[in-house]
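The next block holds one structure in the form of structure tokens; read it before the comments.
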Amino acid sequence: MVGVRDVNTIPPPEKLYPPTVQPPERALPLPRFIARFIRNPLQALPRAVYTEPVVTYGSKRPLVTWVTDPALIERILLKDVEHFPKTPLDRRVLTPMLGNGILTAEGESWRWQRKIASPMFRYAEILAYVPAMVEATEQLLDTWKQRGHAFTTDVEDAMTETTFSVIARTVLAGIDETEASAVKHAARTYLDRISWEVAAAILRLPPTMWHPGKANMRTSAKEVRTIVERLLAQRRAQPGSGNDLVARLISARDPATGEQMSDATIVDNLATFLFAGHETTAKALTWTLYLLARAPQWQDRLRDEVRHALRTSQRVSPGTIERLPLTLRVLKESLRLYPPAPVMTRLANQDLDLAGTHVPRGSLIVIPIFVLHRHQRLWDDPGRFDPDRFLPENEAKYPRTQFMPFGFGPRICIGSSFALIEATAILATLLQGARFEWDGRHAPEPVSRVTLRPKGGMPLIVKPL
Ligand code: HEM
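Under this note's numbering, residues 66 to 530 are what the sequence shown spells out, in order.
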């Protein structure tokens, strides 16, 4: 039986095994594999991927090679990185929305863009955005407090609103509400049907092939890019304004040559930051709130930690972030169990051997982060929620590629500091203003749609404090 762990079998919170995907015992025949893949790609991965280092799918020529061995992942993403470029699949699926920005570009173009943008994403620079992150969260808390009583709400929606509001303030100050809501809606529509496009790419069907939602995906991509183009034009007309990422991208120069980004490249990257920068962090917060609602003792400990860290002040500030080690530990355990970007892909650009498995040139390599983080050989009791795995003395024992919610190597997420600071600031602020409780029933299946969504949303009981 493939499905979500039955709610009735979930043990009490001291030993919490939150919902996961039950993999098929054996690899499924192609038609069932594809049908299940379209519903939820994670449900198509056979159990062997959770127990073996390398598993291939496909009889003559593998359609997919799943790799979950930390040493092999390090080889793919770092040591032999030139033999494992990003895939045509990634480009096909993301380019209509993101163009040739940092996430999708390759070679010299990628290197140059990454060099120009990296300084803007340094930890110290991002700390300056903490007030914007706290303000966006306080706005949400205000609307909750106005209700004056406990209520059930979908925290997935609330977190998407909040992280988008942060991105709007820090990446694109000046975006108005109508445009912001159009971008949010378009990003959701684009991701809704993305599994069709991924499945078509795995089967090497032509990019022109029709599938449900294809036209909507195209329209959504166009809509986002038009809004971003208009905003950039506005900012060009008022040079020197603001400290957001648009202003920084406009003025950034290659330190060696003085070269600046073209408008087309700025648009690609703004679309990338809008898209990659809010959905992922929203999902991290959504799953964390679920875990805290299921483990109220952890929720209390975190609330206490925040109170102490705030000292005499009322609000979370840049200085508070580093005083919240327990909060960070819980966030990491949440990122382990529910990695917001659950899958990464690479292309083998030559014939090779991976732990005794022959992988022909042109093979699609998939690093299923979701499975890596729950691999039977790597983790003790992998399905259990246990933030103490990330006590410094425990964390030091894991190879660098055993826990990698942000990827690894030269293409590691440029926004990882942004995401961790933001998730910490938002969570700490939320815990000061509300309590989150579970309704005793909802056990959402994690569904991969580029980001990891909870099936049926994430209704939780919110009690304003
Ligand atoms: C919890 C939140 C986030 C998670 C889990 C996450 C995850 C990832 C992962 C796994 C990759 C590597 C993809 C690959 O190598 O194939 C990546 C790359 C990237 N992420 Fe994030 N991300 C998050 C937040 C952000 C934010 C906030 C931004 C920007 C504001 C961002 C921008 C990017 C960009 C531009 C890349 C491409 C980097 C490159 O190829 O050089 N991400 N992210």
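Even glycine gets a Cβ: it sits at the ideal position worked out from N, Cα and C.
Entirely within the segment 468-512 and at least 3 residues each: give me those beta strand (DSSP E) ranges in chain order.
-> 499-502
In its own chain, which residues sit with a C-beta less than 8 Å from the C-beta of Arg313, not counting the 5 before and 5 after it?
-> Here residue 313 is taken as the residue at index 248 of the sequence shown, counted from 1. If we look at Arg313 and ignore the five residues flanking it on each side, its Cβ neighbours are Met185.
Return helix, strand or coil for Lys397, following the three-state DSSP convention.
-> In the sequence shown, counting from the first residue as 1, residue 397 sits at position 332. In the structure shown, Lys397 sits in a helix (DSSP, three-state: H, G or I).
With distances taken between CB atoms, is the gap from Ala336 to Val293 smaller than 7 Å?
-> By one-based count along the sequence shown, residue 336 stands at place 271. By one-based count along the sequence shown, residue 293 stands at place 228. Their beta carbons are under 7 Å apart, which means Ala336 touches Val293 by this criterion.
With Met224 as the anchor, note down where its alpha helix (DSSP H) starts and where it stops.
-> Residue 224 sits at position 159 when you count from the first residue of the sequence shown. Start and end: Val220 to Thr235.
Check Tyr115 in the structure and name its three-state DSSP category.
-> Translated into positions along the sequence shown, residue 115 becomes position 50. DSSP places Tyr115 in helix when its eight states are reduced to three.
Measure the alpha-carbon distance for Ala374 versus His250 and round it to whole angstroms.
-> The residue labelled residue 374 in the question sits at position 309 within the sequence shown. The residue labelled residue 250 in the question sits at position 185 within the sequence shown. Rounded to the nearest angstrom, the two C-alpha atoms are 36 Å apart.
For chain C, find out if any of its Cβ atoms is closer than 7 Å to the Cβ of Leu237; answer yes or no.
-> Among the chains of the structure shown, chain C does not appear; only one protein chain is present.
Going along the chain, which residues of its own chain have a beta-carbon closer than 7 Å to the beta-carbon of Phe102, five neighbours each way excluded?
-> By one-based count along the sequence shown, residue 102 stands at place 37. Around Phe102: Ala109, Ser260 and Ala264.
Host beta strand (DSSP E) of Lys520 (start-end) | As a first step, residue 520 is located in the sequence shown; it is residue number 455 there, counting from the start. Looking at the DSSP string, Lys520 is not in any beta strand (DSSP E), and its letter there is neither H nor E.
Once you ignore the five residues that flank Gln497 on each side, which residues in its own chain have a CB closer than 7 Å to its CB?
-> Reading the sequence shown from its first residue, position 432 is the one you call residue 497. Closer than 7 Å at the Cβ level, and outside the excluded window around Gln497, lie Val371.
Could you tell me whether the Cβ atoms of Val114 and Trp131 are closer together than 7 Å?
-> Residue mapping note: residue 114 aligns to position 49 of the sequence shown, counting from 1. Residue mapping note: residue 131 aligns to position 66 of the sequence shown, counting from 1. Yes, these two residues count as a Cβ contact at 7 Å.
Exposure label - Ile167; buried when at least 16 CB within 10 Å = By one-based count along the sequence shown, residue 167 stands at place 102. The residue is buried, with at least 16 neighbouring Cβ atoms inside 10 Å.
Helix, strand or coil at Lys528 [DSSP, three-state] | Position 463 of the sequence shown, counted from the start, is the residue given in the question as residue 528. Lys528 falls in the strand class under three-state DSSP.
Taking the alpha-carbon positions, what's the Ile544 to Arg318 distance?
-> Residue 544 lies beyond the stretch modelled for the chain, which goes from 66 to 530, so this question has no answer here.
May I ask which residues mark the beginning and end of the beta strand (DSSP E) holding Leu417?
-> Numbered from its first residue, the sequence shown carries residue 417 at position 352. Element bounds for Leu417: Leu417 to Leu419.
C-alpha distance - Thr392 paired with Arg366, whole-angstrom precision = Position 327 of the sequence shown, counted from the start, is the residue given in the question as residue 392. Position 301 of the sequence shown, counted from the start, is the residue given in the question as residue 366. Their backbone Cα atoms lie some 9 Å apart in a straight line.
Do you know how far the Cα of Arg295 is from the Cα of Pro161?
-> Looking up residue 161 in the sequence shown gives position 96. Looking up residue 295 in the sequence shown gives position 230. Spanning the two alpha carbons is a distance of roughly 18 Å.
Check whether the Cβ atoms of Phe338 and Val424 sit closer than 7 Å, and answer yes or no.
-> Taking the sequence shown and counting its residues from 1, one reaches residue 338 at position 273. Taking the sequence shown and counting its residues from 1, one reaches residue 424 at position 359. The answer is no: Cβ separation not under 7 Å.
Euclidean distance between Cα positions of Ile315 and Leu297 = As a working note, residue 315 is residue 250 in the sequence shown. As a working note, residue 297 is residue 232 in the sequence shown. Going by the C-alpha atoms only, they are around 9 Å apart.
By the 10 Å Cβ neighbour count, where 16 or more other Cβ atoms means buried, how is Gly342 classified, buried or exposed?
-> One-based indexing of the sequence shown puts residue 342 at position 277. Result: buried.
Secondary structure of Trp261, DSSP reduced to three states | The residue you call residue 261 lines up with position 196 of the sequence shown. In this structure, Trp261 counts as helix in the three-state DSSP scheme.
Mind pulling the beta strand (DSSP E) runs of 3 or more residues that sit fully within the segment 416-465?
-> 417-419, 422-424 and 429-432
Which of helix, strand or coil DSSP assigns to Val515 | For this step, residue 515 is matched to residue 450 along the sequence shown. Looking at Val515 - three-state DSSP - the assignment turns out to be coil, as it is neither helix nor strand.
Could you give the DSSP three-state label for Phe338: helix, strand or coil?
-> In the sequence shown, counting from the first residue as 1, residue 338 sits at position 273. Three-state result, Phe338: helix.
Assigned secondary structure, Met282 (DSSP; H/G/I helix, E/B strand, else coil) | As a first step, residue 282 must be located in the sequence shown, where it is residue number 217. If DSSP states are grouped into helix, strand and coil, Met282 belongs with the helices.
If we call anything under 7 Å between Cβ atoms a contact, is Glu221 one with Ala247?
-> Here residue 221 refers to the residue found at position 156 when the sequence shown is read from its first residue. Here residue 247 refers to the residue found at position 182 when the sequence shown is read from its first residue. The answer is no: Cβ separation not under 7 Å.
Reduced DSSP category for Tyr403 - H, G, I as helix; E, B as strand; rest coil = Position 338 of the sequence shown, counting from 1, holds the residue named residue 403. Reduced to three states, the DSSP call for Tyr403 is coil.
Classify Thr351 as helix, strand or coil using the three-state DSSP reduction.
-> Translated into positions along the sequence shown, residue 351 becomes position 286. Three-state DSSP puts Thr351 in a helix.
Indicate whether the contact test is met: 3 or more Cβ pairs, each with one atom in the segment 140-160 and one in the segment 417-433, closer than 8 Å.
-> yes
Spatial distance of Ala538 from Pro111 (CA atoms) = For the chain, the structure presents residues 66 to 530; residue 538 sits outside this window and is missing.
Of the listed residues Asp155, Val120, Thr494 and Leu402, nearest to Ser378 (C-alpha basis) = Locating residue 378 in the sequence shown gives position 313, where the first residue counts as 1. Considering only alpha carbons, the answer is Thr494.
Any idea if His440 is buried or exposed, counting beta-carbon neighbours within 10 angstroms, 16 or more meaning buried?
-> Reading the sequence shown from its first residue, position 375 is the one you call residue 440. Classification of His440: buried, given that the 10 Å Cβ count is 16 or more.
7 Å Cβ shell around Asp219 - same chain, five flanking residues per side excluded = Here residue 219 refers to the residue found at position 154 of the sequence shown. Excluding sequence neighbours, Asp219 sits near Gly522, Met523 and Pro524.
Could you tell me whether the Cβ atoms of Gly448 and Tyr122 are closer together than 7 Å?
-> Working through the sequence shown from its first residue, we reach residue 448 at position 383. Working through the sequence shown from its first residue, we reach residue 122 at position 57. Contact flag unset, no.
Spatial neighbours of Leu517 in its chain, beta-carbon cut-off 6 Å, leaving aside the 5 residues before and after | The sequence position of residue 517 within the sequence shown is 452, counting from 1. Closer than 6 Å at Cβ, skipping near neighbours: Lys348, Tyr403, Pro405, Pro407 and Pro511.
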